[in-house]
């Protein structure tokens, strides 16, 4: 076999890269449009009674909160907390009275069969909507079996979102890994 | 196509297919939670490539510097072209990809060479790949 034949796969890789680049550029407007539509639908679902949202700047000390969307009836707060296998991104809807109206996991890379159940485990997620001032795993929230760190991360996110809306002085110590 | 080149053609093809799927999901299913581009992502792409190569009759004599070079090229150029990674993150990912691809190719080649030395089920290459995948679950969550 000729020596130059070993460069043929490199040429094929370059062609594939060019094709991927063209696809990425072509899909960019669609991607942006669908992302915004999805976000708006999620925000509307999380905070019933609100249809228009505006991003409100957050300058507080709680490193958990990354964005806050103001609706007519409250806020949807985007939080990032450290789980067992990476960061967990959560959207939490809280009405002006401080009641959690909805929670949705946006990103999570926890272990299959354990922490990953936090996305879909209805009994666990329902507890996050309970009307307590502060949720605490082991007291008023039952952790997912085998996923205590993940459960605490979600509870921490909900507490931070509630504190943001009610103005409560929540301990920032809760942002440490594992809670 | 020469048997020696099968692996070097398949790796960018499989990587590009994975990247393209991710582009499509990002565009049309933005709420989907996709696997992060980490060591496990590299492991899965590499093992699919190796299993496919074995079924396509490849797996001939390896040129190890070339294996590393194509690992580096595929795991740098293709994610960059999609806009997934750049800068320092891209460099780390590419280096990890190059090393992981070389190591996994060596491990998988040893495994399948042993299998082809005796009578084995046609499923053996796929099972060997799955076995390696299970063994490498321990690297899940490893920061690269």
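Chains as they are written, first to last, in the numbering used here: chain A, 537 to 715; chain B, 6 to 149.
Note that the Cβ used here is the ideal one computed from N, Cα and C, for glycine as well.
Bear in mind that the values here come from a model prediction, so they are computed numbers and not experimental data.
By the criterion of a C-beta distance shorter than 6 Å, residue 687 of chain A is surrounded in its chain by 673, 679, 680, once the five residues flanking it on both sides are discounted.
The Cβ atoms of residue 88 of chain B and residue 560 of chain A lie closer than 9 Å to each other.
In the displayed model, residue 590 of chain A falls within a strand according to three-state DSSP.
Secondary structure in the stretch 553-634 of chain A: the beta strand (DSSP E) runs of 3 residues or longer, each lying completely within the stretch, are 590-592, 601-606, 610-618, 623-631 in chain order. With respect to residue 10 of chain B, residue 565 of chain A sits apart: the two C-beta atoms are not nearer than 9 Å.
Comparing alpha-carbon positions, the option among B:36, B:57, B:22, B:48 lying closest to residue 141 of chain B turns out to be B:48. Close CB contacts of residue 676 of chain A within its chain, under the 7 Å cut and outside five residues either way in sequence, are with 666, 668 (chain order).
Secondary structure of residue 669 of chain A (DSSP, three-state): coil. The residue among A:699, A:606, A:552 with its C-alpha nearest the C-alpha of residue 585 of chain A is A:606.
Residue 129 of chain B and residue 583 of chain A have their C-alpha atoms some 53 Å from each other. In terms of Cβ geometry, residue 60 of chain B and residue 106 of chain B do not form a close pair [threshold 9 Å]. Here the C-alpha atom of residue 133 of chain B lies approximately 10 Å from the C-alpha atom of residue 115 of chain B. The alpha-carbon of residue 629 of chain A is positioned some 39 Å away from that of residue 99 of chain B. Taking 8 Å as the upper bound on Cβ-Cβ separation, chain A lies near residues 68, 71, 75, 78, 79, 82, 83, 85, 86, 87, 88 of the stretch 59-91 of chain B. DSSP places residue 656 of chain A outside both helix and strand once states are collapsed to three, so it counts as coil.
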